[in-house]
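Asker: Please find one structure pasted underneath; my questions will follow.
Residue numbers (my numbering): 615 to 691.
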């Protein structure tokens, strides 16, 4: 990934295209601030795994859209 800012929907599509591969992502908070999150699409359980601190928890796509719908992300690794 080119380290560009992408939408939440684009992030979810990227994770599904790279299943079972944890990605470190930066959530844009404004004013050059960001928050580090770790995301993974668990292909076996068909759910997203998310953490800002361990252990990761399972989260449904609809919850992600509700919580982070208009946010911008940068995939760091």
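Cβ coordinates follow ideal geometry from the N, Cα and C atoms, glycine included. What you are looking at is a predicted structure, and each value in this text was computed from that prediction instead of being measured.
Decide if residue 638 is buried, meaning its Cβ has at least 16 other Cβ atoms within 10 Å, or exposed.
Answerer: Stepping through the chain shown from its first residue, residue 638 is reached at position 24. Under this definition residue 638 is an exposed residue.
Asker: Going by beta-carbon coordinates alone, are residue 650 and residue 690 separated by less than 9 Å?
Answerer: Sequence index remark: in the chain shown, residue 650 carries index 36 (1-based). Sequence index remark: in the chain shown, residue 690 carries index 76 (1-based). Closer than 9 Å, so yes.
Asker: Nearest-angstrom Cα distance between residue 677 and residue 655?
Answerer: Along the chain shown, read from residue 1 onward, the residue named residue 677 stands at position 63. Along the chain shown, read from residue 1 onward, the residue named residue 655 stands at position 41. Cα-Cα distance, rounded: 14 Å.
Asker: What does the alpha-carbon distance come out to for the pair residue 659 and residue 668?
Answerer: Locating residue 659 in the chain shown gives position 45, counting from the first residue. Locating residue 668 in the chain shown gives position 54, counting from the first residue. Cα to Cα, the separation comes out at about 19 Å.
Asker: Is it right to say residue 679 is buried, meaning 16 or more other beta carbons lie within 10 angstroms of its own, or is it exposed?
Answerer: Numbered from its first residue, the chain shown carries residue 679 at position 65. Exposed, since its Cβ has fewer than 16 Cβ neighbours within 10 Å.
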